[in-house]
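Residue numbers (this note's numbering), protein chains in the order written: chain A, 58 to 198; chain B, 58 to 198; chain C, 58 to 198.
C-beta: ideal position from N, C-alpha, C; glycine also.
Please read these numbers as outputs of a predicted model, since none were measured by experiment.
Here the structure comes first, spelled out in structure tokens, and everything after it is commentary.
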């Protein structure tokens with residue numbers, strides 16, 4: 058019998074393309090539930106955020122990923138978005154649209170199916186600290 | 058009791074990285090249904106399209122997003138794809154593969170869970186006007 | 058009555074941004090099942106992989122897609138990731154994070170709903186041959 062559960066996790070971020078490892082938080086939601094097999098839909102609330110996976114090691118997390126995004130949409134240059142709102146976070150919006158804000162991950166025997174070196178990350182692209190919310194919705198049995 | 062509904066929405070596009078706000082169309086499918094909690098899987102039919110989210114304001118929508126994609130895969134230059142088919146839309150295919158054509162969004166109390174400044178966009182990367190179809194599939198109760 | 062099935066497909070890859078067309082393998086899982094309507098969640102195990110769609114023709118598959126990724130995150134240059142592990146695959150991790158490792162595709166009448174020129178691809182960004190696993194999870198009826 059397939060069931061559904063909709064919750065969210067919440068946490069503080071520093072922004073500036075900070076990568077937050079949310080793997081344990083998501084696994085914890087499954088642990089606290091009675092689901093053993095199914096999938097979890099993660100959806101990041103906000104238009105300056107992203108969700109993806111990465112090998113969560115310092116080189117990628119603190120340097121390489123941010124440098125890649127810097128090539129694609131640098132902070133600190135002029136965007137039309139900044140002119141519309143007087144904001145300074147046009148780059149954050151562009152990075153978000155390209156990265157995507159939803160991810161669906163299967164689980165089996167109550168454990169997320171991930172590679173050994175594959176962690177789930179929430180990326181805060183905004184230019185200031187925020188409190189962020191990610192929907193964690195489970196479909197399964 | 059979990060149920061399933063598979064429909065689609067259809068609309069005309071101009072191409073050239075036009076961003077179409079489909080938030081209301083998707084919400085309307087939920088409004089017309091009896092689902093109150095679950096998720097909606099959006100899937101864009103076609104290999105020159107993308108689905109993502111954005112703050113739908115003129116600066117991003119009419120300028121910044123297109124300029125970002127122009128850096129990654131410019132229109133109007135030579136691609137091997139163009140040589141295979143005599144097409145001119147190699148850039149459109151590349152942008153599509155990078156952006157992704159599926160998005161899963163949870164809803165609760167019959168309302169899509171989105172940020173205040175976060176809209177769902179269909180992007181038509183092709184180089185000419187098209188009629189486009191997006192699958193809107195609901196799983197929930 | 059909604060049901061759930063979790064399986065995987067496995068195959069050998071050459072790496073170096075090889076695009077593997079997995080459309081038939083995924084359709085085969087549906088063919089072998091009793092599901093007629095629903096969706097299939099694909100999840101690529103590993104942090105140097107990606108899943109997306111493309112028109113699977115030689116120009117894009119053997120040249121253009123790799124050239125786009127080369128602009129974004131070139132192989133063969135120095136990354137902090139490489140210094141952490143003595144690895145040489147920093148570029149592969151970056152391409153994976155940007156591309157995404159999950160995709161959800163609806164099916165109806167037991168057939169994946171895809172465009173005529175739209176195939177499902179697994180991308181192996183790693184710098185050496187691997188054996189790869191993709192979770193194929195079906196929710197539907």
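Asked: The region 65-76 of chain B contacting the region 183-190 of chain B, beta-carbon criterion three pairs below 8 Å; Found: yes
Asked: Exposure of residue 95 of chain A, with buried meaning 16 or more beta-carbon neighbours within 10 Å; Found: buried
Asked: C-alpha gap between residue 73 of chain B and residue 58 of chain C, whole angstroms; Found: 43 Å
Asked: Interface residues of chain A facing residue 103 of chain C [CB-CB closer than 8 Å]; Found: 172, 174 and 175
Asked: Reference residue 170 of chain A, options A/127, A/110, A/62 and A/184, closest by Cα; Found: A/110
Asked: Same chain, Cβ closer than 7 Å to residue 185 of chain B, five either side skipped, listed in chain order; Found: 72
Asked: Reduced DSSP category for residue 139 of chain C - H, G, I as helix; E, B as strand; rest coil; Found: helix
Asked: 8 Å Cβ cutoff, residue 141 of chain B in contact with chain C; Found: yes
Asked: Anticipated Cβ contact below 8 Å, residue 159 of chain A with residue 161 of chain B, distance rounded; Found: 5 Å
Asked: Among A/117, A/116, A/99 and A/148, the one whose alpha carbon lies nearest that of residue 130 of chain A; Found: A/148
Asked: Classification of residue 138 of chain A by the beta-carbon crowding that lies within 10 angstroms, buried from 16 upward; Found: buried
Asked: Whole-angstrom distance between residue 142 of chain B and residue 79 of chain A, CA atom to CA atom; Found: 44 Å
Asked: Residue range of the unbroken beta strand (DSSP E) whose run includes residue 70 of chain B; Found: 60-70
Asked: Neighbourhood of residue 194 of chain A by C-beta distance below 6 Å, restricted to the same chain and skipping five residues each side; Found: 63 and 98
Asked: Residue 121 of chain B and residue 136 of chain A closer than 8 Å at C-beta; Found: yes
Asked: The beta strand (DSSP E) enclosing residue 153 of chain B, as first and last residue numbers; Found: First-last for residue 153 of chain B: 147-156, but that is the alpha helix (DSSP H), not the beta strand (DSSP E).
Asked: Nearest-angstrom Cβ-Cβ length linking residue 199 of chain C and residue 153 of chain C, presumed shorter than 8 Å; Found: Residue 199 of chain C is absent from the model: chain C starts at 58 and stops at 198.
Asked: Under the three-state DSSP convention, the category residue 170 of chain A falls into; Found: coil
Asked: C-beta atoms of residue 155 of chain A and residue 173 of chain B nearer than 8 Å; Found: no
Asked: Chain C contact for residue 198 of chain A (CB, 8 Å cutoff); Found: yes
Asked: Minimum Cβ-Cβ distance from residue 136 of chain B to chain C less than 8 Å; Found: yes
Asked: Environment of residue 176 of chain B [buried if 16+ CB atoms lie within 10 Å]; Found: buried
Asked: Inter-residue CB distance, residue 61 of chain C and residue 196 of chain C (contact presumed, cutoff 8 Å); Found: 6 Å
Asked: Cα-Cα separation between residue 126 of chain C and residue 91 of chain B, rounded to whole angstroms; Found: 44 Å
Asked: Rounded separation between residue 150 of chain B and residue 198 of chain B - CA only; Found: 36 Å
Asked: Contacting residues, own chain, Cβ-Cβ under 6 Å from residue 113 of chain B (five flanking each side not counted); Found: 78 and 176
Asked: Buried/exposed call for residue 163 of chain C, threshold 16 Cβ in 10 Å; Found: buried
Asked: Bridge partners - residue 185 of chain C, DSSP secondary structure assignment; Found: Partner(s): none; residue 185 of chain C has no beta bridge.
Asked: Integer Cβ distance of residue 181 of chain B from residue 84 of chain B, believed to fall under 8 Å; Found: With a Cβ gap of about 21 Å, residue 181 of chain B and residue 84 of chain B do not count as contacting.
Asked: Euclidean distance between Cα positions of residue 128 of chain C and residue 119 of chain C; Found: 16 Å
Asked: The beta strand (DSSP E) enclosing residue 75 of chain C, as first and last residue numbers; Found: 75-78
Asked: CB contact flag (residue 116 of chain B, residue 140 of chain A, <8 Å); Found: yes
Asked: Closer than 9 Å at the beta carbon, the chain C residues around residue 156 of chain A; Found: 154, 155 and 157
Asked: Residues in the region 93-121 of chain C having any Cβ partner in chain A nearer than 7 Å; Found: 98, 100, 102, 103 and 104
Asked: 8 Å Cβ cutoff, residue 151 of chain C in contact with chain B; Found: no
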